[in-house]
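Participant:
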Amino acid sequence: MVARHDQTTDPVLLDGLLQARRGTAFFARKLNELTDADLDGGSLLSGWTRRHVVAHVGYNARAIARLVEWAATGVETPMYPSVEVRNHEIDFGATLSPIALRNLFDHSAVHLNVEWRDLPADSWHHKVKTVQGRVVPAEETVWMRTREVWVHAVDLDNGASFADIPAPVLARLLKDITGAWSTRGTDKDLVVEVTDQPSALVYGDTTAGSPVMVSGPLAAIARWATGRCTAGVTARRAGEAVEPAPAAPAWI
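Just remember that our numbering sits 4 ahead of the position in the sequence shown, which is counted from 1.
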């Protein structure tokens with residue numbers, strides 16, 4: 005039997021698919037390190053057990069696969085009927101038996117990967133709609149999944165850290181977050197500076213009078229920006245330390 009490959013030949017898209025697949029493998033590894041009893045433990049997300057995280061990542065793959073099917077067929081298939089249905093689905097998934105929960109992750113990941121693989125090259129530009137109502141090309145589904153699997157692998161609280169996430173993923177994640185802040189106007193008087201990259205990364209209005217400057221390595225800044233914790237970042241205003249560092253504005 006002839007091996008099947010991605011139909012797209014776009015090098016940027018193929019690189020994105022590689023990052024998504026590596027993130028999926030990383031999440032799978034951290035999940036497989038957990039015993040069934042460990043799944044009942046808390047995650048890094050308030051109010052969610054590890055079960056909730058696994059259920060969310062599994063159902064997220066199914067939801068994104070629906071968008072890819074939409075792009076392939078032209079038949080509108082929303083991610084979820086509503087945010088309420090999405091939340092109920094996660095709560096239900098968290099009650100599954102350990103083997104069913106693990107199968108949900110495994111099977112949904114394979115399904116999404118097949119949908120990506122078989123999507124014709126000219127269909128990647130077809131428009132679909134996210135659960136937030138954004139109209140995006142199907143190629144955006146790759147990034148949507150990438151950030152889910154890498155960040156939530158850390159949220160399993162099983163030894164993974166933001167330092168394990170590839171720098172290009174962290175940089176794009178930070179760009180997304182700061183862009184959302186700017187759109188909402190929640191980044192007033194706030195400048196974010198990444199200090200450990202070959203080229204300095206600065207986000208925010210550097211012309212603002214006496215902004216709070218939050219600085220740190222890329223991994224620490226991304227962790228802070230996603231609302232996980234403030235460890236590893238420093239904050240200053242007009243040259244004076246701000247302690248403790250402020251919490252990041254909400255981004256989703």
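C-beta: ideal position from N, C-alpha, C; glycine also.
#1: Distance check for ALA164 and VAL6, CA to CA, integer angstroms please.
#2: Please report the Cβ distance between GLY304 and THR53, rounded to the nearest whole angstrom; I am assuming they are in contact, meaning their Cβ atoms lie under 8 angstroms.
#3: If you reduce the DSSP assignment to three classes, tell me which class MET83 lands in.
#4: What alpha helix (DSSP H) runs, 4 residues minimum, are completely inside the segment 100–150?
#5: Verify whether the separation of the beta carbon atoms of GLY208 and VAL195 is less than 7 angstroms.
#6: Looking at the strands, I want to know which residues DSSP matches up with SER219.
#7: Here's the rule I'm using: 16 or more other beta-carbon atoms within 10 Å means buried, otherwise exposed. How should HIS111 be labelled?
#8: Given that a residue counts as buried once 16 or more other Cβ atoms are within 10 Å of its Cβ, and exposed if not, what is ARG188?
#9: Among the residues of its own chain, which have a CB less than 8 angstroms from the CB of PRO215, if the five just before and after it don't count?
#10: Between the alpha carbons of VAL16 and GLU244, how many angstroms are there, rounded?
#11: Bridge partners of GLU244, per DSSP?
#12: Out of curiosity, what's the CA-to-CA distance linking THR190 and ALA224?
#13: Between VAL57 and ASP159, is the Cβ-Cβ spacing less than 7 angstroms?
#14: Among PHE30, ALA75, ARG70 and ASP180, whose alpha-carbon lies nearest the alpha-carbon of ALA125?
#15: Please classify LEU43 as buried or exposed, where buried requires at least 16 other C-beta atoms within 10 Å of its C-beta.
#16: Could you pull the start and end residues of the alpha helix (DSSP H) that LEU17 belongs to?
#17: Between the alpha carbons of LYS131 and ALA175, how many angstroms are there, rounded?
#18: May I ask which residues mark the beginning and end of the beta strand (DSSP E) holding LEU205?
#19: For ILE181, which option in THR81, LEU35, VAL206 and ALA167 has the closest C-alpha, if you only look at C-alpha atoms?
#20: Using the Cβ count rule (16 or more neighbours within 10 Å means buried), how would you classify THR145?
#21: Below 7 angstroms between beta carbons: does that hold for TRP154 and VAL173?
#22: Per DSSP, GLY46 is paired with what?
Facilitator: Walking through what the data contain:
#1: Translated into the one-based positions of the sequence shown, residue 6 becomes position 2. Translated into the one-based positions of the sequence shown, residue 164 becomes position 160. With a pLDDT of 44 at VAL6, under the threshold of 50, the modelled position of this residue cannot be trusted, and the question is left open.
#2: Any answer about residue 304 is impossible in this case: the structure gives the chain only from 5 up to 256.
#3: Walking along the sequence shown from the start, residue 83 turns up at place 79. MET83 falls in the coil class under three-state DSSP.
#4: 102–122
#5: The residue labelled residue 208 in the question sits at position 204 within the sequence shown. The residue labelled residue 195 in the question sits at position 191 within the sequence shown. Taking 7 angstroms as the Cβ cut-off, GLY208 and VAL195 qualify as a contacting pair.
#6: Residue 219 sits at position 215 when you count from the first residue of the sequence shown. Note: SER219 sits in a beta bridge opposite GLU197 and THR238.
#7: On the sequence shown, position 107 is the one that residue 111 refers to. Answer is exposed; the Cβ neighbour count stays below 16.
#8: By 1-based counting over the sequence shown, the position of residue 188 is 184. Exposed is the call here.
#9: Along the sequence shown, read from residue 1 onward, the residue named residue 215 stands at position 211. Excluding residues within five positions, the ones whose Cβ falls inside 8 angstroms are ASP193, LEU194, VAL195, GLY208, ASP209 and ARG241.
#10: The count along the sequence shown starts at 1 and reaches residue 16 at position 12. The count along the sequence shown starts at 1 and reaches residue 244 at position 240. Cα-Cα distance, rounded: 43 angstroms.
#11: Mapped onto the sequence shown, residue 244 falls at position 240. Paired residues: ARG241.
#12: For this step, residue 190 is matched to residue 186 along the sequence shown. For this step, residue 224 is matched to residue 220 along the sequence shown. Distance between the alpha carbons of THR190 and ALA224: 20 angstroms.
#13: Taking the first residue of the sequence shown as 1, we reach residue 57 at position 53. Taking the first residue of the sequence shown as 1, we reach residue 159 at position 155. Yes, these two residues count as a Cβ contact at 7 angstroms.
#14: The residue given as residue 125 occupies position 121 in the sequence shown. When each option's Cα is compared against that of ALA125, the closest is ALA75.
#15: Locating residue 43 in the sequence shown gives position 39, counting from the first residue. Its Cβ being crowded by 16 or more others within 10 Å, LEU43 is buried.
#16: Taking the first residue of the sequence shown as 1, we reach residue 17 at position 13. Start and end: 15–36.
#17: Stepping through the sequence shown from its first residue, residue 131 is reached at position 127. Stepping through the sequence shown from its first residue, residue 175 is reached at position 171. C-alpha separation (whole angstroms): 25 angstroms.
#18: As a first step, residue 205 must be located in the sequence shown, where it is residue number 201. Taken as a continuous stretch (DSSP letters only), the beta strand (DSSP E) holding LEU205 covers 205–208.
#19: Within the sequence shown, numbered from 1, the residue matching residue 181 stands at position 177. The shortest Cα separation from ILE181 among THR81, LEU35, VAL206 and ALA167 belongs to VAL206.
#20: Here residue 145 is taken as the residue at index 141 of the sequence shown, counted from 1. Buried.
#21: Working through the sequence shown from its first residue, we reach residue 154 at position 150. Working through the sequence shown from its first residue, we reach residue 173 at position 169. For TRP154 and VAL173, yes; Cβs fall inside 7 angstroms.
#22: As a first step, residue 46 must be located in the sequence shown, where it is residue number 42. In the DSSP output, where bridge partners are listed per residue, GLY46 has THR53.
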